[in-house]
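In our numbering, the protein residues as written are 500 to 659. Idealized CB from N, CA, C, for every residue including glycine. Every value quoted in this text rests on a predicted model; they were computed, and no experiment measured them. Let me begin by presenting the structure, written as structure tokens, before commenting on it.
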């Protein structure tokens, strides 16, 4: 449940640089930790699976309430607690999965004034529309877009 609230170096010509200020701090932290996990695995991109595992570790409110409504095996295990912050990680792990890029692009186009994109919005969007392994795992556990909408409604969240 630790929020890092760290200042990260983002390469100037990266997609993340163009939207970074539109992301809330919990999403910034989640992306940074997911990047560190990717680097640890020898990859240079953040996968949806890494992001979901990172969100499980951080367990930000109100997303933690959503996680409680999912079957136990529906999400990857949380990433290790021993991953430490590297403020230059985005110079080493510099790309996002196509699903994450699409989700952030879509959500950033709907941003109104000072509102920030949240971890909750990105998770729900990815869980509904992505086709990667992390979402296949959700589907295998019976969590389809209709079930996701049902949980969102139960929690009283607004949808875009």
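Check your understanding: How big is the Cα-Cα spacing for residue 599 and residue 635?
Key -> 15 Å
Exercise for review: Check the C-beta distance from residue 575 over to residue 551 and give it rounded, since I have them as a contact under 8 Å.
Suggested key: 5 Å
Exercise for review: Give the straight-line distance between the Cα atoms of residue 586 and residue 513, rounded to the nearest whole angstrom.
Suggested key: 16 Å
Review point. Hey, how far is the Cα of residue 579 from the Cα of residue 556?
Key: 8 Å
Check your understanding: Quick one, are the C-beta atoms of residue 616 and residue 606 less than 7 Å apart?
Key -> yes
Review point. Roughly how far, in whole angstroms, is the beta-carbon of residue 629 from the beta-carbon of residue 573, given that I think they are within contact range, below 8 Å?
Key: Rounded, the Cβ-Cβ distance is 14 Å, inconsistent with contact.
Practice item. Specify, as a first and last residue, the run of the alpha helix (DSSP H) that residue 620 falls within. Key: 618-628
Review point. Is the Cβ of residue 624 closer than 7 Å to any Cβ of chain B?
Key: Among the chains of the structure shown, chain B does not appear; only one protein chain is present.
**Study point:** Inter-residue Cα distance where the pair is residue 567 and residue 644
**Key:** 17 Å
**Study point:** Option nearest residue 517 by Cα separation, candidates 532, 523 and 509
**Key:** 509
Review point. Near residue 501, what residues of its chain come up, given a Cβ to Cβ distance below 6 Å and the 5 sequence neighbours on each side ignored?
Key: A caution first: residue 501 carries a pLDDT of 45, below 50, which makes its placement in the model unreliable, though a value can still be read off. Result list for residue 501: empty, nothing under 6 Å.
**Study point:** Sheet register partners of residue 606 (DSSP bridge)
**Key:** None; residue 606 has no bridge partner.
Exercise for review: From the DSSP output, read off the bridge partner residues of residue 717.
Suggested key: Because the chain here runs from 500 to 659, residue 717 falls outside it and cannot be looked at.
Review point. So, helix, strand or coil for residue 522, using DSSP?
Key: strand
**Study point:** DSSP state of residue 651 mapped onto helix, strand, coil
**Key:** helix
Practice item. Count the other CB atoms, across all protein chains shown, that sit within 10 Å of the CB of residue 604; report buried if there are 16 or more and exposed otherwise. Key: exposed
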